[in-house]
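Peer 1: Right, I'll just put the structure down here and ask away after.
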Amino acid sequence: MVKSKLSKLALVAAGGAVALATAAGPAFAEPPAPSADLGRQSVEAPRAGAETRNPEMAPESMDDRRHHTYKGQVIARSGLNVRSHPNTRSRVLATLPYGKVIHIECKVNSQNVDGNPRWYKLDRKHHHHDGWVSARYVKNIGPAPHYCHR
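Residue numbering for the sequence shown follows numbering that gives the first Met the number 0, beginning at 0 and increasing consecutively.
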């Protein structure tokens with residue numbers, strides 16, 4: 000009985016250590032490289048909610064941010080159907096080949112495809128059609144797309 004309680008205690012302690020390491024991981028990440036501007040005496044952290052922007056870059060309009068495109072890669076071996084609406088009952092507009100890099104405008108929740116309810120709207124600036132693909136068969140390259148504005 001003692002051995003069993005001791006084993007349980009060790010298991011709980013190990014689980015706690017793993018949870019602590021996972022939660023503290025970002026705190027132990029490598030600090031950012033020092034700024035090339037050595038003339039500054041102190042560095043202030045941006046205020047919560049404050050927008051940070053490189054002053055040398057041209058100002059970014061709300062339109063540019065709203066139309067940012069995301070990238071993904073088709074992982075369906077037989078190709079991926081582009082549809083007129085975010086469901087499998089809608090008309091097929093085209094089929095994208097395996098491995099093709101696609102440009103995504105945004106995502107919505109709609110019909111569940113193999114456990115994934117998300118559908119990506121293709122960016123019409125980069126594709127010849129304004130269609131939808133199931134996110135189940137797209138591997139994101141970089142950040143996941145934001146939800147579409149209604």
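Just so you know, even glycine gets a beta-carbon here, dropped at the ideal spot from N, CA and C.
Please read these numbers as outputs of a predicted model, since none were measured by experiment.
Taking the beta strand (DSSP E) that Asn111 falls in, what are its first and last residues?
Peer 2: Per DSSP, Asn111 belongs to the beta strand (DSSP E) from 100-112.
Peer 1: Can you round the beta-carbon distance between His102 and Asp129 to whole angstroms, since I take them to be within the 8 Å contact cut?
Peer 2: With 8 Å as the limit, His102 and Asp129 do not qualify as a contact, their Cβ atoms being about 12 Å apart.
Peer 1: With 16 other CB atoms within 10 Å as the buried threshold, where does Pro108 fall?
Peer 2: Note that residue 108 corresponds to Asn in the displayed sequence, not to Pro. Classification for Asn108: exposed.
Peer 1: Going along the chain, which residues of its own chain have a beta-carbon closer than 7 Å to the beta-carbon of Tyr136, five neighbours each way excluded?
Peer 2: Counting only Cβ-Cβ distances below 7 Å, and skipping sequence neighbours, we find Val73, Ile74, Ala75, Leu79.
Peer 1: So, for Asn86: in the same chain, excluding its five sequence neighbours on each side, which residues have a beta-carbon less than 6 Å away from its beta-carbon?
Peer 2: Excluding residues within five positions, the ones whose Cβ falls inside 6 Å are Ser109, Gln110.
Peer 1: Keeping to the same chain, check which residues put their C-beta closer than 7 Å to that of Tyr146; ignore five residues upstream and five downstream.
Peer 2: Counting only Cβ-Cβ distances below 7 Å, and skipping sequence neighbours, we find Cys105, Lys106, Val107.
Peer 1: Are the beta-carbon atoms belonging to Pro142 and Tyr69 less than 8 Å from one another?
Peer 2: Cβ atoms of Pro142 and Tyr69: closer than 8 Å.
Peer 1: Going by other Cβ atoms of all chains shown within 10 Å of its Cβ, with 16 needed for buried, is Val91 buried or exposed?
Peer 2: Val91 comes out exposed.
Peer 1: Grab the span of the beta strand (DSSP E) containing Ile140 for me, first residue to last.
Peer 2: That run of the beta strand (DSSP E) goes 137-140.
Peer 1: The beta strand (DSSP E) that contains Arg82, what's its start and end?
Peer 2: That run of the beta strand (DSSP E) goes 79-82.
Peer 1: Using the Cα positions of Val132 and His148, report the straight-line distance between them to the nearest angstrom.
Peer 2: So the alpha carbons of these two residues sit roughly 17 Å apart.
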